[in-house]
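K.L.:
Top line first, the protein sequences correspond to chains H and P.
Quick note on numbering that gives the first Met the number 0: the first sequence kicks off at 0 and runs consecutively.
Quick note on numbering that gives the first Met the number 0: the second sequence kicks off at 0 and runs consecutively.
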Amino acid sequence: MFTDEKWSSSKNWFIAAVFWIIIGMSMGLLTATKQIWPELLNNRWFTYGHVRSAHVMLVIYAWLSMAYVGSMFYMIPKLAKTKVYSEKLGNFALVFYNVVILEGFFALLFGQTEVIEYGEFPLWVDVQLLVAIGLVAYNLFKTVGRRQEKMLYVSLWYFLGSLLWLPLTWIVGNFPAQWIPSGVQQGLMGWFLGHNAIGLWMTTVGVGQIYYLLPKLTGRPLYSHQLSMIGFWAIATFYVWNGPHHLMNGPIPGWISKAGVIPSIVLLIPVWAVLANFWGTMKGSWSQTRTSVPLRFTVAGTIFYLFACLQGPLQALPSVSSVIKFTHWTVGHAHMGPFGAFSFTSFAAIYYILPKIVGREMFSKRAMEAHFWFSTVGFLVFAFSLWIAGVVQGFAWIEGVPFLQTVLMMEPYVQGRAIGGTMMYVAQFFLAWNMYKTIKLAKLEKKQQAQQQAASA
Amino acid sequence: MERKPSAVLIVALILWTFGVAGTVILPLFDQEINSATASGELRNYPEDSAEARGREIYIQNGCQTCHTQFVRALPADTNQNLGPVTKGGDYKYDLPHLLGSNRTGPDLMWVGLKYNEDWQRQHLIDPQSTSPGTIMPSFDYLSNQELDDLVAYLMSLKPTEERLEEYKKEMSEAKNHN
Numbered sequence: 000m001f002t003d004e005k006w007s008s009s010k011n012w013f014i015a016a017v018f019w020i021i022i023g024m025s026m027g028l029l030t031a032t033k034q035i036w037p038e039l040l041n042n043r044w045f046t047y048g049h050v051r052s053a054h055v056m057l058v059i060y061a062w063l064s065m066a067y068v069g070s071m072f073y074m075i076p077k078l079a080k081t082k083v084y085s086e087k088l089g090n091f092a093l094v095f096y097n098v099v100i101l102e103g104f105f106a107l108l109f110g111q112t113e114v115i116e117y118g119e120f121p122l123w124v125d126v127q128l129l130v131a132i133g134l135v136a137y138n139l140f141k142t143v144g145r146r147q148e149k150m151l152y153v154s155l156w157y158f159l160g161s162l163l164w165l166p167l168t169w170i171v172g173n174f175p176a177q178w179i180p181s182g183v184q185q186g187l188m189g190w191f192l193g194h195n196a197i198g199l200w201m202t203t204v205g206v207g208q209i210y211y212l213l214p215k216l217t218g219r220p221l222y223s224h225q226l227s228m229i230g231f232w233a234i235a236t237f238y239v240w241n242g243p244h245h246l247m248n249g250p251i252p253g254w255i256s257k258a259g260v261i262p263s264i265v266l267l268i269p270v271w272a273v274l275a276n277f278w279g280t281m282k283g284s285w286s287q288t289r290t291s292v293p294l295r296f297t298v299a300g301t302i303f304y305l306f307a308c309l310q311g312p313l314q315a316l317p318s319v320s321s322v323i324k325f326t327h328w329t330v331g332h333a334h335m336g337p338f339g340a341f342s343f344t345s346f347a348a349i350y351y352i353l354p355k356i357v358g359r360e361m362f363s364k365r366a367m368e369a370h371f372w373f374s375t376v377g378f379l380v381f382a383f384s385l386w387i388a389g390v391v392q393g394f395a396w397i398e399g400v401p402f403l404q405t406v407l408m409m410e411p412y413v414q415g416r417a418i419g420g421t422m423m424y425v426a427q428f429f430l431a432w433n434m435y436k437t438i439k440l441a442k443l444e445k446k447q448q449a450q451q452q453a454a455s456a
Numbered sequence: 000m001e002r003k004p005s006a007v008l009i010v011a012l013i014l015w016t017f018g019v020a021g022t023v024i025l026p027l028f029d030q031e032i033n034s035a036t037a038s039g040e041l042r043n044y045p046e047d048s049a050e051a052r053g054r055e056i057y058i059q060n061g062c063q064t065c066h067t068q069f070v071r072a073l074p075a076d077t078n079q080n081l082g083p084v085t086k087g088g089d090y091k092y093d094l095p096h097l098l099g100s101n102r103t104g105p106d107l108m109w110v111g112l113k114y115n116e117d118w119q120r121q122h123l124i125d126p127q128s129t130s131p132g133t134i135m136p137s138f139d140y141l142s143n144q145e146l147d148d149l150v151a152y153l154m155s156l157k158p159t160e161e162r163l164e165e166y167k168k169e170m171s172e173a174k175n176h177n
């Protein structure tokens, strides 16, 4: 069952990831639909709060994290010019990780939650998940340890850092609440996880993926090694301080607020360093996005990354936050990084890596095109609905419009979000079908080849 | 360092530790969030009281995903008449915290001030009957016991008389000022 076939870990993590994007996004679509028809599937298990929690946890820790691990099981050995330390362990960790995710999913539907956003699984699931992440990190650190290439390419820096930060951050965020002296203190620790699951895992692995993919897909060297170092250390220095901005203008002392808000704004530095480097690398290659879908996914990802990172520091300004906090805007922004930027780069990674490891082109280019356009157009409809909704809602509250009336005002935007969301969801079936066909045909072709060889021998 | 993964990891760990020290460890020593206010004491529910059980039901049903308990000194909150601005000490006994991040529904920090028990119960069973057009789902699948406990919790969410007077005075002063 736990094969040590070359690249099997990478392939199997990808397959599991795509399975979970369908489940995770169907939970998201149900969340959006429940805001239009509140009584839809309304029972003890599928109540709005459960479905929303399950959506968030599944898309982050099941889909995106598994896609990331799949990428790293290919990219890290490639960059280290060696093979994976143990494919067997990689496959074992995958099965274990999936069992844990399944436990977490059911726990949330049964109403067991730790409340901490991005850390909602109950403690007994957290502990297991930590072990699973630890197994992956151990395997990949060992792989780097056996490297033949002495220079550490920038993607490796990002991957190494992320594999260290995620488990540590997971521990701080999920620290048992009853051992901490205050509700607000627990809030700070919860948001430490909430923000750094994004900053020190989603962002850093995603950026590492882009640094790997862009030169491969364009055939050009990275624009500036120096700039990539500045970007890495600036992210490592400032991102980790961002948690408190989630409690800004609220029940935290002024000094904590400043300690959170200032680094949030300073983040503009690494973001520009990273993006200048991406787009510098793209120089002269933009036309290739017309023909290469993986490159187009990567570039669209960098553009959405820019959007997300313009919004982030802006929202960290207390005056801006006072309008848009708690509104639909936040939900729009929260999808920008995980879906717009980093799911897109993970799609690109799958399309780039899968053909290399199964030894066959992707089955359908048309399905790839459809995946891209449905994802992109759907996401734009989704995101713009929520941003406009958030601004309208924010100013209506300031003007003192009664709350219930502001809910009614949101109806058309909420519908727009559901329509965009449906397109985003449908898009993923093109990915799943294309992957299934590709892997199946690759197996068939290998078998035929073997038969031919046997016949001619 | 470009050849030494261990060096990268050590520096990455040190930078991470600075962030933890600043935003997680240092706040432990701040009295503003670590000593309860009088209104915070009201939330120190005895174990297995109706309020404590109701709080569990609130969490189990994910109420915190739509409702915040977080009142800011900002027009968006004061103009919505949410009640006194909250302080760190109000949450001293809130474990886990229910501050929330999204107002799909209104803030509930002081909801016990606003309606009576009958209204709360009716609202949970049939939200449309009390708030036409609302997108809150019905919680009619809860047992009578569960509804009683949840209503007891919601009704307990209020500030002390003193805090309320203070707030009313501030509000009228602000109005006169305009």
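Positions of the beta carbon are idealized from the N, C-alpha and C atoms, including for glycine.
Output yes if chain P places a C-beta closer than 7 Å to the C-beta of Lys149 of chain H; else output no.
P.N.:
Yes, contact with chain P.
K.L.:
Would a check of beta-carbon distances place Phe69 of chain P closer than 7 Å to chain A?
P.N.:
Structure shown: chain A not included; protein chains present are H and P.
K.L.:
To test your reading of the DSSP string, which unbroken beta strand (DSSP E) runs of 3 or more residues are found completely within the region 87–143 of chain H?
P.N.:
Those beta strand (DSSP E) runs which fall completely within the region 87–143 of chain H and span 3+ residues do not exist here.
K.L.:
Determine, using beta carbons only, whether Thr30 of chain H and His54 of chain H come nearer to each other than 7 Å.
P.N.:
Yes, Cβ-Cβ distance for Thr30 of chain H and His54 of chain H is below 7 Å.
K.L.:
Residue range of the alpha helix (DSSP H) that Asn33 of chain P falls in?
P.N.:
From DSSP, the alpha helix (DSSP H) with Asn33 of chain P extends over 30–33.
K.L.:
Could you spell out where the alpha helix (DSSP H) holding Asn42 of chain H opens and where it closes?
P.N.:
Run containing Asn42 of chain H: none; DSSP gives neither H nor E here.
K.L.:
Measuring CA to CA, which of H:Ala66, H:Phe237, H:Ile209, H:Leu212 is closest to Asn11 of chain H?
P.N.:
Ranking H:Ala66, H:Phe237, H:Ile209, H:Leu212 by Cα distance to Asn11 of chain H puts H:Ala66 first.
K.L.:
If the criterion is Cβ atoms closer than 7 Å, does the pair Thr64 of chain P and Arg51 of chain H meet it?
P.N.:
Closer than 7 Å, so yes.
K.L.:
What are the start and end residues of the alpha helix (DSSP H) that includes Met434 of chain H?
P.N.:
Unbroken alpha helix (DSSP H) run through Met434 of chain H: 410–455.
K.L.:
Among residues of its own chain, excluding the 5 on either side of Ala15 of chain H, which ones have a beta-carbon nearer than 7 Å to its beta-carbon?
P.N.:
Met65, Leu93, Asn97, listed in sequence order.
K.L.:
With distances taken between CB atoms, is the gap from Pro136 of chain P to Asn41 of chain H smaller than 7 Å?
P.N.:
Yes, Cβ-Cβ distance for Pro136 of chain P and Asn41 of chain H is below 7 Å.
K.L.:
Where in the region 201–269 of chain H do unbroken runs of the alpha helix (DSSP H), each at least 4 residues long, occur, reported from the N-terminal end onward?
P.N.:
List check, alpha helix (DSSP H) in window: 202–217, 224–237, 253–265.
K.L.:
Answer with buried or exposed for His122 of chain P, where buried requires no fewer than 16 other C-beta atoms within 10 angstroms of its C-beta.
P.N.:
With 16 or more Cβ atoms within 10 Å of its Cβ, His122 of chain P is classed as buried.
K.L.:
What first and last residue would you give for the alpha helix (DSSP H) that runs through Leu163 of chain H?
P.N.:
Residues 153–172.
K.L.:
Could you tell me the distance, in whole angstroms, from the CA atom of Thr32 of chain H to the CA atom of Glu86 of chain H?
P.N.:
Their backbone Cα atoms lie some 41 Å apart in a straight line.
K.L.:
From Arg71 of chain P to Asn138 of chain H, what distance separates their C-alpha atoms?
P.N.:
If I take the Cα positions, the gap works out to 47 Å.
K.L.:
Taking Cβ positions only, does Trp156 of chain H come closer than 7 Å to chain P?
P.N.:
Closer than 7 Å to some Cβ of chain P, the Cβ of Trp156 of chain H qualifies, so yes.
K.L.:
Using C-beta distances below 7 Å, list every residue in its chain close to Gly99 of chain P, excluding the 5 sequence neighbours before and after it, in chain order.
P.N.:
Closer than 7 Å at the Cβ level, and outside the excluded window around Gly99 of chain P, lie Gln63, His66, Thr67, Gln68, Phe69.
K.L.:
Using a C-beta to C-beta distance shorter than 9 Å, which residues of chain H count as neighbours of Val110 of chain P?
P.N.:
Those within 9 Å of Val110 of chain P in chain H number zero; the least Cβ separation is about 12 Å.
K.L.:
Taking Gly18 of chain P as the query, report the chain H residues whose CB atoms sit under 7 Å from its CB, ordered along the chain.
P.N.:
Per Cβ cutoff of 7 Å: Val239, Trp240.
K.L.:
Hey, Val260 of chain H and Ala196 of chain H are a contact pair by Cβ (cut 8 Å); roughly how many whole angstroms apart?
P.N.:
Not confirmed; about 20 Å, so no contact.
K.L.:
Can you find a CB in chain H that lies within less than 7 Å of the CB of Glu160 of chain P?
P.N.:
Output row for Glu160 of chain P: interface = no.
K.L.:
Who are the near neighbours of Tyr90 of chain P in its chain, counting only those whose CB is closer than 7 Å to its CB and skipping five residues on each side?
P.N.:
Counting only Cβ-Cβ distances below 7 Å, and skipping sequence neighbours, we find Gly39, His96.
K.L.:
Considering only C-alpha positions, which residue in the set H:Arg365, H:Val17, H:Ser321, H:Leu385 is nearest to Thr290 of chain H?
P.N.:
The shortest Cα separation from Thr290 of chain H among H:Arg365, H:Val17, H:Ser321, H:Leu385 belongs to H:Arg365.
K.L.:
Around the Cβ of Arg52 of chain P, are there at least 16 other Cβ atoms within 10 angstroms (buried) or fewer (exposed)?
P.N.:
By the 10 Å Cβ count, Arg52 of chain P comes out buried.
K.L.:
Do you know how far the Cα of Trp254 of chain H is from the Cα of Met247 of chain H?
P.N.:
Those two C-alpha atoms are separated by around 11 Å.
K.L.:
When the distance is taken between beta carbons, is Ile349 of chain H closer than 7 Å to Phe13 of chain H?
P.N.:
Against a cut-off of 7 Å, the Cβ pair of Ile349 of chain H and Phe13 of chain H comes out as a contact.
K.L.:
Give every residue of the same chain whose Cβ lies closer than 7 Å to the Cβ of Tyr351 of chain H, excluding the five residues on either side of it in the sequence, and list them in chain order.
P.N.:
Taken in chain order, the residues that qualify are Leu212, Lys215, Leu216, Pro293.
K.L.:
Between the Cα of Gly283 of chain H and those of H:Gly218, H:Tyr60, H:Ser384, spot the shortest distance and give me the residue it belongs to.
P.N.:
Answer by Cα proximity: H:Gly218.
K.L.:
Tell me the DSSP secondary structure of Phe378 of chain H in three-state form.
P.N.:
Three-state DSSP puts Phe378 of chain H in a helix.
K.L.:
In three-state terms, what does DSSP make of Asn175 of chain P?
P.N.:
The answer is helix: DSSP assigns Asn175 of chain P an H, G or I state.
K.L.:
Find the residues of chain H that neighbour Asn60 of chain P, judging by a C-beta separation of less than 7 Å, and give them in chain order.
P.N.:
Chain H residues near Asn60 of chain P: Thr46, Gly48, Gly110.
K.L.:
Leaving out five residues before and five after Trp190 of chain H in sequence, what residues of the same chain have Cβ atoms less than 6 Å from its Cβ?
P.N.:
Closer than 6 Å at the Cβ level, and outside the excluded window around Trp190 of chain H, lie Gly242, His245.
K.L.:
How many Å lie between Tyr435 of chain H and Glu360 of chain H at the Cα?
P.N.:
Approximately 13 Å between the Cα atoms of the pair.
K.L.:
Measuring alpha carbon to alpha carbon, tell me which residue in H:Val273, H:Asp3, H:Leu163 is nearest Ala207 of chain H.
P.N.:
Going by the sequence as given, residue 207 of chain H is Gly instead of Ala. Looking at the Cα atoms, H:Val273 is the closest of the given residues.
K.L.:
Determine, using beta carbons only, whether Phe381 of chain H and Gly419 of chain H come nearer to each other than 7 Å.
P.N.:
Cβ atoms of Phe381 of chain H and Gly419 of chain H: closer than 7 Å.
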